[in-house]
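Peer 1: Line by line, the protein sequences give chains P and D.
Sequential numbering of the first sequence, starting at 239, is according to this note's numbering.
Sequential numbering of the second sequence, starting at 8, is according to this note's numbering.
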Amino acid sequence: MNDFSSYLRRKQPVLSRRSFLGDIGMGFSSIALASLLKQDGYATEAWAPPTGQPHFPPKAKSVIWLFMRGGVSHMESFDPKPELTKYAGKTIGETPYKSVQDPDKLKKVRVVVVNDANGKQRNVIYPLQTGFRKAGQSGIEVSDFFPHLRESVDDLAIIRSMWTTDDNHGAQVQFHSGRHMLDGRFPTIGAWVNYGLGSLNENLPQFINMGPRFFDARDGHYLGPAYDAVPLKIDPKAPLDFAKPESDITGAEQAAEFALLGKLNRFSAVKYPQDPNLLARIKAYELAFRMQAAVPEVIKFDAESESVKKLYGLDDAATKPFGMQLLAARRFAERGVRFIQIQHGDGAAGAWDAHSGLKNNHTKLAREVDKPIAGLLQDLKQRGMLEDTMVVFATEFGRTPGSQGADGRDHHPYGFSVWMAGGGIKGGIAHGSTDELGFHATEHPHYVTDVHATIMHQLGLDSRKLEVPGRKRLDVDHGHVIQDILA
Amino acid sequence: MFPAGQGKSVDRNRLHLRALLPVFLLLMLCCSDLCAASRIDYVTQIKPILVERCYACHGVLKQQGKLRVDTAEFLKQGGKHGAGLLAGNPDESRLIERVSARAEDERMPPEGEPLKPEQIALIKLWVAQGAKAPANEKPEADPKDHWAFKAPLRPEVPKVKSREWAQNPIDAFIAAGHQQQGLKPQGLAEKSLWLRRVYLDLIGLPPSLQEMRDFEADNSAQAYEKVVDRLLASPQYGERWGRHFMDIWRYTDWYGLGEQLRYSQKHLWHWRDWIVESLNKDKGYDRMVLEMLAGDEIAPTDRDTLRATGFLARNYYLFNRTTWLDDVVEHTSKAFLGITMNCAKCHDHKYDPVTAKDYYAWRAFFEPYHVRLDELPGEPDLEKNGLPRAYDVHLDTPTYLFVRGDEKHPDKSKEIAPMVPVIFKLRALEIKPVDLPPEGYNPALSADIYQNHLTQAQSQLKEARAALEKAREKAAEVEKLIENTKGKALVPLLKHQDDFRNPNTALWHKIGGEWRYEADGLNQTETGSQRRMLRSQMDHPADFRAKFRFKITGGEKWKSTGFSFDADDAHDVLVYLSAHSSSKLQVAISENGKSSYPSQGAFNRPVKTGIAYELDIYVQGRQLTILMDGEEALSFELPSRRPGRFQLVTFDASAEFQDFALYELPADFVRTPVDGEARRTASKLALATANQNLFVAERRLTALQSARQADEARFAGVKTDDLTALLKRAATDAVAWKIAEGEALDAKHKEDSALLEGKKKTDASKKYQTAKMAISKELGRFKNSTTNYFQLRGSLKALEGPDETEEHRELPFPATSTGRRTALAEWIANEQNPLTARVAVNHLWLRHFGQPLVPTVMDFGRRGAAPTHPELLDWLATEFMASGWSMKHMHRLMVLSRTYRLSSSNADAPKASLAKDAENKYYWRMNPVRMEAQALRDSLLQLAGQLDLTMGGPTINPEKEDTVFRRSLYFTHSKEDVHKFLETFDNANVLECYRRPESVLPQQALALSNSKLSMVAAGKLTEIFLKNSGTASDDGFIRVAYQSILAVEPNKAELEACGEALLELRSLAEKQGQADPVKRARAGLVHALFNHNDFITVR
């Protein structure tokens, strides 16, 4: 269909109040989007851009989105499959569960890379590489790779029945945007939230990313660059690009220049009245000036107590990098940032991509994230923030029950696990299931957009009301709220 | 599309629940709404469902089963299966039966999700209520009548009363619009603003102050034309507009994963240069299209033209041929024709007369094509340079329709031939295969490419000769060394020794410093830039060895510690280690108190504090040799010698000396004992290898020359007998060459086996095995063959998938090309084609006037937006074609129009205009436009006098943005190579960019105010101003700055505000103790103006 991303521009009607409250975090394009769509005849007069208000009373205010790049093994994290150990070394065909490979059941996968060495059926069952233990009142089993999270299991709603259709790492795009790589590029969940909801803080961007990105650095797509995540680094000296003057200019000099600039631009508004871009630019400079001061303050942890820092594992070299991002995430959420996207596991395909040496790989990576995430949950809880902050732990797909090479597992889109916590999500439940081999999501299968739908629902948004004219969204794009995990 | 059925299989449970919903709904409606006589409104409630889900097959486009549903009347009439509905009787209506059918093969619509239960309920209710519809309901218009699908006819230019608006036909059309709409155009922009506008528009750079003044002063009638002609003739025009077309044509440099090339091609910049040059030459747009799509067919050996096919090379995708060709289909149709062919991949187009079959017929034009990299003269290494280009290789690969777009389900029952959609067919498409000249499919036949290889072979030969010469010399040296060292003394004689446990005043006296004897040795602890020394009480022998161990324990900066000799108060030679951040071993020579640090006497190596190092120094005559921790580190020839003392020296270092010994060297001393026989063996083996290598180089040259003769003969049609002889000789020579290579490998292997040890030896051996195998394989090909010889390639085929090997690349290229792309290009770039010229002029108009005439620039189909000025569009399109598709002609017309001269201000506009056309659809004023990323960066550099106008050539790494000041279009640009500054200002999306977004973001404010780019530019421009006269006073400075940067005079309020700011900035600078507070304050003002909205905006 047509591409409107190229249209997000120019000549808007005078800005409404919403434009400054709603857009202040990121930019001023949704008005442009609106007028443009009307001008082009795609939008009727009746259509209006989102008001920035939730459509119904929300349960959650912010989302902390934790994405493990590369593909976490569901069988070795949140979905124990003792049958794997029992049938280790046998082919799937030799087990009672050989029907999992019925061709009809394997159809949904769509291949991007033909003749790829990965994403193949792996037939020889590989035993579990770690133990499981029950914990909490719920008695849900979590693997020994995640001992700290296990202690928080009563806060988690684990969804053991996820599926997706991309058998390669394009599934990272799919998990964020809802669509397969071959369908083109679409706005991500963070961009939709940013588009739909107004700002809670005039000094901070409303959608930020920390850590590596997945394949695609443009989150907004047809919604426009105003809805891309602002990339941040945990470096108070340079938290975002061009955060500080690349010269010896002093703060006082810069303030004097900004003051002059503000005046001159306002004079210009007399020569060029009703120029929405001019007004937007004046606001953008004001926000930039505030952001320049506000962002470094958020990622400075001086005011945090030693015990809190310990909670996030800042005292341990292995947990410190991720722990700092999570502590920053809490501080951003506290200040009203809507969507905080944190990706873990650098490298082209993502670090969790354990085609070989799964045990070492997951031991190391789980150690990096386990304590900080448990710390985050605990911290949010003790501050009363868990009630309206959603934490989502996701990954692009699971890993094969069969072994790849001597000691690895391949990509596995047919069944895998994610979990959610906080923001009105029920704690201590394991929802849905895979078959005995962990092959297919069988009970309550959920496509990736069901996670999006649940987030939107908790934020009080109706994704159907966020339709952009000329950009038809399919049913699958909206997903279905996972009702069973709502508190 | 998302494959249907996926959602369904998992949602079964939910569906069952949902199935009950319509019943419930209907009950509810029946009892309340129906009884309350609430009427279903056909137009707002029913028709939208039909439009959305049924028109595609049962509208004017297709009328399947002879059924149309685009009016209620048609629906009632029905098709070949009878009436579509029975008013008042939903149970007997086929429409309802079919949309609510349970069986999938019965149910309508056949694709996508079924209608929602509530939609079905609505339709039922509507039928039950009598299927009422407005009497005058109009059927869907015939697509053939769609404006864009009919060739443009040259409309008459409207007669306009105002003489000012009658000069230029564009103005006449625009003025007619004003009259019709009752709009009064704004006045003209200031002359200086027009000048800035047209400069940025045509060349992407602002005018200089002098150019503005000259233009202001030129009151001649041709003043405007002169400027436009000059700008259009400037090479920067091609760069500016080249970048626009690079957007539309999706320019991207190659990217992939690490070294793996996945997208586009290396050296794609040749295509960029072709675009820039073509525009500068004002090559016809029709010709450009032809060259880009089929340059290899119309000019198979002309490298300049072949560059154009970079358009197709850009689409290369390693992994999936269908994804690749989907991109080609989508973007050839969008870019040139404004048709969204991509919608027809899985099903017939829902809005335009393009069927899925048309989609695959379009693909068929491109089915045979592939991509390769041709060698260019002067550079045989394709990694360094090469020409990415298209050519046909899959001559017989059939094209099939993929059922529902699924490549796994090709419909093999029918091969699909290349064809354009029927509705656009002008006449039978003539597809004539093209016989390529031999150089076209065998580029190595070109004399200049042969020369590449010849040069390479010759230089290999030269190198081999030189290497052999060297090996001979070395062998002779070995013999000499063996001779010289016969019976020489090898033992140095110990003269002085100190373990630094106790003071030894007989040996040393100290000069400066704080020296203490501690458990581990002697410590000197004073730092700072001055020498602290222990000097010997006596001279050292002329030839000696000094060996000592020490630790540098600290220091402020240099942290240097060492040993000197030939020393008195004004001279010495110092050998020292420095633990400075660029640490090293250095020889320093002091003559008459002045030190020099010869570069041959420096050896960079890590030196750390707290680690003990041992220096072992041999001085024999003028020869100085230094061993560090037992390894030879440095040899140095001293310029002169003199008798003197020896000293331990620290310089800005605290140090601990652990032991020291000094030996006298006998006159015939040699440091390293020579194992004569071993050296002799080694030199002989090396000589043998060098001999073999020379032999290889000779054989290679011969093989190359005879291959060339064979090649030439083959393609020149030489008599069979002679040809056979030549081929045979070429094959024999190739075999001889390969045998020589094998023998050279053997020689090297023998050498390595004798001389190497441990891992190095096994590694070398492995390498040998692999190389040997490769050679025997090649030998196999050449041996006993009369046709296989060492044939020159001159081109490298791009891999067709990740599992292809190098061998796949060597298959010969076909001697013909299908001619399909030529046929397509000739059809596109044809005056009969209703779309091509319109789409092109719309792109030009958009970039001149800030908004397009057809808002949906890549969709001129029925779903696209209608043109705001249809006659103007058609006049422009016909004018464009009549001018020989000259873009410069169109630019000239547009920028010289009065419309283009209007002010962009709303100020004092009549209320009526604002109310009627706030969006300025009718051009009653000019549209302000935000500078594109490239124009912004280039303008800053230009104003600062920094811009480097070198044109063309390889791309520049964006990381060099602070040191390379070339125009921005020359930076590497791909999804992976991102220029941070440009990206912040909506740089082109390489996947699709028919029009750039113009966002306003806080990050842009940060980039423009904080970047080094704008900071440095502000400083440089201030210096330029200060050099010029008229800027002595603050007032004068502000005026000049305003004019140069914003192209206007400041008004009183602005002058005042700037003046106040200058005072404040100056006092801040004074308080900081800045050297030149005036300059610093003024640079601050310039910097603020760079951030002014009217700088980034083209007013």
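All C-beta atoms in this analysis are idealised placements derived from N, C-alpha and C, irrespective of residue type, glycine included.
Tell me, please, which residues DSSP counts as bridged to Ser-597/D.
Peer 2: Looking at the DSSP assignment, Ser-597/D forms a beta bridge with Asp-579/D and Ser-602/D.
Peer 1: Can at least three beta-carbon pairs, one atom from the segment 390 to 406 of chain P and one from the segment 650 to 659 of chain P, be found at a separation below 8 Å?
Peer 2: As far as the Cβ criterion goes, the segment 390 to 406 of chain P touches the segment 650 to 659 of chain P, which means the pair count is three or higher.
Peer 1: If you measure from the beta carbon of Glu-634/P to each beta carbon in chain D, is any gap under 8 Å?
Peer 2: It does not: the Cβ of Glu-634/P has no partner Cβ on chain D nearer than 8 Å.
Peer 1: Can you give me the C-alpha to C-alpha distance between Asp-405/P and Pro-295/P, rounded to a whole angstrom?
Peer 2: Their Cα atoms are separated by approximately 38 Å.
Peer 1: Take the Cβ of Lys-131/D as the centre, count every other Cβ of all protein chains shown within 10 Å, and call the residue buried at 16 or more, exposed below.
Peer 2: By the 10 Å Cβ count, Lys-131/D comes out buried.
Peer 1: List, from N- to C-terminal side, the alpha helix (DSSP H) runs of 4 residues or more that fit wholly inside the segment 368 to 404 of chain P.
Peer 2: Here the runs fully enclosed are 385 to 389.
Peer 1: Between which residues of its own chain and Val-848/D is the CB-CB distance below 6 Å, once the five residues before and five after are set aside?
Peer 2: Answer for Val-848/D: Leu-883, Ala-884 and Phe-887, listed in chain order.
Peer 1: If distances are taken between C-alpha atoms only, which option among Gln-458/D, Asp-993/D and Asp-381/D comes closest to Pro-463/P?
Peer 2: Considering only alpha carbons, the answer is Asp-993/D.
Peer 1: Compare the C-beta of Thr-330/D against all C-beta atoms of chain P and say whether one is closer than 8 Å.
Peer 2: It does; some Cβ of chain P falls within 8 Å.
Peer 1: Using alpha carbons as the reference points, say which of Thr-426/P, Gly-717/P, Ser-390/P and Glu-542/P lies closest to Arg-733/P.
Peer 2: There is no way to answer for residue 733/P, as the model of chain P reaches only from 239 to 725.
Peer 1: Could you check whether Leu-92/D and Val-58/D sit closer than 8 Å to each other, using their CB atoms as the reference points?
Peer 2: Taking 8 Å as the Cβ cut-off, Val-58/D and Leu-92/D do not qualify as a contacting pair.
Peer 1: For Val-335/D, collect the residues of the same chain with a Cβ closer than 6 Å to its Cβ; drop the 5 residues on either side in sequence, then sort them by chain order.
Peer 2: So the qualifying residues of the chain are Asn-322 and Phe-373.
Peer 1: Rounded to the nearest angstrom, what separates Val-758/P and Thr-627/P at their Cα positions?
Peer 2: In the structure as shown, chain P starts at 239 and stops at 725, and residue 758/P therefore has no counterpart that could be examined.
Peer 1: Please classify Ser-589/D: is it buried, with 16 or more other beta-carbons within 10 angstroms of its beta-carbon, or exposed?
Peer 2: By the 10 Å Cβ count, Ser-589/D comes out exposed.
Peer 1: Grab me the residues of Leu-442/P's own chain with a C-beta within less than 8 Å of its C-beta, minus the 5 sequence neighbours each way, in chain order.
Peer 2: Excluding residues within five positions, the ones whose Cβ falls inside 8 Å are Gly-263, Met-529, Ala-532, Val-533, Val-536, Phe-570, Arg-573, Gly-574 and Val-575.
Peer 1: 8 Å is my cut-off, CB to CB: does Met-448/P come that close to chain D?
Peer 2: With 8 Å as the cut-off, Met-448/P does not count as an interface residue toward chain D.
Peer 1: From the DSSP output, in three-state form, read off Asp-881/D for me.
Peer 2: Three-state result, Asp-881/D: helix.
Peer 1: The beta strand (DSSP E) that contains Ala-397/D, what's its start and end?
Peer 2: 394 to 399 is the span of the beta strand (DSSP E), which, as asked, contains Ala-397/D.
Peer 1: From this set, Asp-98/D, Ile-103/D and Asp-236/D, which residue's C-alpha is nearest His-898/D's C-alpha?
Peer 2: Of Asp-98/D, Ile-103/D and Asp-236/D, the residue nearest in Cα terms is Asp-236/D.
Peer 1: Would you tell me roughly how many angstroms separate the C-alpha atoms of Lys-615/D and Arg-328/D, rounded to the nearest one?
Peer 2: The alpha-carbon atoms of Lys-615/D and Arg-328/D are separated by roughly 56 Å.
Peer 1: Would you call the CB atoms of Ala-720/D and Leu-701/D closer than 8 Å?
Peer 2: Not in contact: Ala-720/D and Leu-701/D (Cβ atoms no closer than 8 Å).
Peer 1: Taking the Cβ atom as the reference point for each residue, do Thr-512/D and Ala-662/D lie within a distance shorter than 8 Å?
Peer 2: Contact flag unset, no.
Peer 1: By how many angstroms is the C-alpha of Gly-309/P removed from the C-alpha of Arg-647/P?
Peer 2: One C-alpha to the other measures close to 10 Å.
Peer 1: Please tell me whether Met-529/P has its Cβ less than 8 Å away from any Cβ of chain D.
Peer 2: At least one chain D Cβ lies under 8 Å of Met-529/P.
Peer 1: For Asp-77/D, count neighbouring C-beta atoms within 10 Å of its own C-beta (all shown protein chains included) and say buried if the count is 16 or more, exposed if not.
Peer 2: When all chains shown are included, Asp-77/D counts as buried.
Peer 1: Is it buried or exposed for Tyr-796/D, if we count other Cβ within 10 angstroms and need 16 for buried?
Peer 2: So Tyr-796/D counts as buried.
Peer 1: Answer yes or no: does any C-beta atom of chain P fall closer than 8 Å to that of Val-50/D?
Peer 2: It does not: the Cβ of Val-50/D has no partner Cβ on chain P nearer than 8 Å.
Peer 1: Could you tell me whether the Cβ atoms of Leu-501/D and Ala-668/D are closer together than 8 Å?
Peer 2: Closer than 8 Å, so yes.
Peer 1: Scan the segment 655 to 727 of chain D and note each continuous alpha helix (DSSP H) run of 4 residues or more that stays entirely inside, going in chain order.
Peer 2: Fully enclosed alpha helix (DSSP H) runs of 4 or longer: 683 to 723.
Peer 1: Give the straight-line distance between the Cα atoms of Asp-579/D and Ala-553/D, rounded to the nearest whole angstrom.
Peer 2: When rounded, the distance between both Cα atoms is 15 Å.
Peer 1: So, for Met-540/D: in the same chain, excluding its five sequence neighbours on each side, which residues have a beta-carbon less than 6 Å away from its beta-carbon?
Peer 2: Cβ neighbours of Met-540/D beyond the five flanking positions: Ile-518, Gln-654 and Val-656.
Peer 1: When the cut-off is 8 Å and only beta carbons count, does Ala-589/P lie next to chain D?
Peer 2: It does not: the Cβ of Ala-589/P has no partner Cβ on chain D nearer than 8 Å.
Peer 1: Assuming Arg-908/D is part of the beta strand (DSSP E), what are its boundary residues?
Peer 2: Arg-908/D -> no beta strand (DSSP E), and no H or E assigned at all.
Peer 1: Going by DSSP, what residue range makes up the alpha helix (DSSP H) through Met-545/D?
Peer 2: Not the alpha helix (DSSP H): Met-545/D falls in the beta strand (DSSP E), residues 538 to 546.
Peer 1: Check whether the segment 376 to 388 of chain D touches the segment 456 to 469 of chain D, taking contact to mean three or more Cβ pairs, one atom from each stretch, closer than 8 Å.
Peer 2: In short, these stretches touch, since the Cβ pair count reaches three.
Peer 1: Short of 8 Å in beta carbon distance, which residues of its chain neighbour Val-429/D, apart from the five on each side in sequence? Order them along the chain.
Peer 2: Cβ within range, chain order: Pro-360 and Asp-365.
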